Amino acid sequence: MRATPDELFIQNLEEAWPPGALYYMPKEQALEELRHLTGEDFGYDANAWRQWFRKNSVSRQKGKRGK
Amino acid sequence: MLSAIDTVWDVVDLYNDARDCLGDSDSMACYMAAAGVAFIAMGALEGPSNNVARRAAKAADVGDAAGDVARRVDAGDAAILRSVTYGNQRLFYDGARQQRALAIAQEAAQAAGVRLSDYVDDVVYTTGRAPFFGVVNDRRVLALNQATLRKTRAGQLIDSVHELSHARHSARFGYQNYRSLYFSSLSMRARIEILVESRAQRTVERYLGGLSPQQRGWTSRYLNWWGQYYP
Chain A
1 MRATPDELFI
11 QNLEEAWPPG
21 ALYYMPKEQA
31 LEELRHLTGE
41 DFGYDANAWR
51 QWFRKNSVSR
61 QKGKRGK
Chain B
68 MLSAIDTVWD
78 VVDLYNDARD
88 CLGDSDSMAC
98 YMAAAGVAFI
108 AMGALEGPSN
118 NVARRAAKAA
128 DVGDAAGDVA
138 RRVDAGDAAI
148 LRSVTYGNQR
158 LFYDGARQQR
168 ALAIAQEAAQ
178 AAGVRLSDYV
188 DDVVYTTGRA
198 PFFGVVNDRR
208 VLALNQATLR
218 KTRAGQLIDS
228 VHELSHARHS
238 ARFGYQNYRS
248 LYFSSLSMRA
258 RIEILVESRA
268 QRTVERYLGG
278 LSPQQRGWTS
288 RYLNWWGQYY
298 P
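Written as structure tokens, this is what we have:
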């Protein structure tokens with residue numbers, strides 16, 4: 001999948017991938033990864049996560065990974 | 068013995084990937100990524116031979132897109148799959164967009180100097196947010212989406228060669244081994260993504276005789292995104 005790391009996690013929040021797919025992870029794990037990556041918590045609200053990443057894209061590219 | 072031979076060839080293949088990267092402005096990062104993948108792959112591949120792993124992987128993935136076959140067309144004894152639901156996406160096995168996806172994938176294989184059918188059984192159009200490679204209903208699928216179809220020719224080829232590289236790695240390692248490797252850690256995912264994207268960029272650049280600064284910028288941005296997760 002040609003997608004950014006955050007998008008990979010968000011897609012798993014949305015259950016875009018079935019179990020067994022190359023890019024599948026349980027949505028609970030995806031949420032944990034997103035929390036760890038950003039230090040934020042928007043629960044399973046994929047749009048809220050996408051919005052956060054759009055707003056924070058500059059700092060993300062500079063390597064600020066949160067907690 | 069077979070397992071050992073296969074493993075050696077897998078490592079050779081990955082080092083070839085690394086060699087392929089030489090000449091890139093970011094060649095060292097790419098080389099290190101390839102070396103890291105090869106090192107960990109050696110551990111991951113200890114055990115059953117790749118052929119056994121491939122068979123097991125195929126068996127394990129049967130039913131990924133379980134049921135929900137939208138339409139089947141009888142063609143003699145065989146039933147042709149027209150579209151399936153895959154997670155929250157719809158995969159189309161025919162239609163105008165699928166035909167465009169197929170043409171792009173075929174040109175990507177030509178650019179990469181490989182035969183598409185060696186690595187991919189079906190090229191599909193997906194309604195999903197990203198192009199991908201996977202095994203669906205026991206068949207190796209390369210999926211391109213609307214975003215890919217809207218790109219320039221170079222962008223389309225890079226997307227497609229990127230997924231074809233995943234398919235080639237999957238063929239080498241066995242799908243489940245590759246999946247395990249991919250999800251072993253975020254940094255491993257980053258290594259793999261950097262590797263396949265760098266390879267895609269170089270392949271398409273060679274094939275087209277160059278890339279526009281804009282196209283290079285898009286690829287660099289992708290590499291930078293993943294690069295921050297690469298130790």
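Protein chains in written order, with our numbering: chain A, 1 to 67; chain B, 68 to 298. Yeah, the Cβ is synthetic: ideal placement off N, Cα and C, and Gly gets one too. The model shown is predicted, which means the values in this text are computed figures rather than measured ones.
- Against R196(B), the close residues of chain A are A3, E7, Q11 and A16, in the order they occur along the chain (beta-carbon pairs closer than 8 Å).
- When rounded, the separation of the alpha-carbon atoms in R206(B) and V187(B) is 8 Å.
- Here V187(B) carries a coil assignment [DSSP, helix/strand/coil].
- T152(B): member of the beta strand (DSSP E) spanning S150 to Y153, first to last residue.
- Residue pairing by DSSP places A176(B) opposite no residue, since no beta bridge is assigned to it.
- Residues of the same chain with a CB within less than 8 Å of the CB of Y249(B), apart from the 5 flanking positions on each side, are M255, R256 and I259 in chain order.
- Here the alpha carbons of V208(B) and W293(B) stand approximately 24 Å from one another.
- When the Cα atoms are used, V151(B) and P18(A) turn out to be separated by approximately 12 Å.
- Per DSSP, R220(B) lies in no beta strand (DSSP E); the unbroken alpha helix (DSSP H) holding it starts and ends at R220 to F240.
- When Cβ-Cβ separations below 8 Å define contact, Y44(A) makes no contact with chain B.
- For the options H236(B), T219(B) and L275(B), the alpha carbon positioned closest to that of W285(B) is the one of T219(B).
- Taking a 10 Å sphere around the C-beta of R246(B), we find 16 or more other C-beta atoms and assign the residue as buried.
- At a cut-off of 8 Å between beta carbons, A21(A) contacts chain B.
- Assigned with DSSP and collapsed to three states, N212(B) falls in strand.
- Taking each of R164(B), G201(B), D185(B) and S184(B) in turn and checking the Cα distance to Q243(B), the smallest one comes out for G201(B).
- Each residue's CA atom was taken as its position, placing R239(B) and L22(A) some 15 Å apart.
- One finds nothing in chain A with a Cβ atom closer than 8 Å to the Cβ of N204(B); even the nearest lies about 11 Å away.
- For G277(B), there is no enclosing beta strand (DSSP E), since its DSSP letter is neither H nor E.
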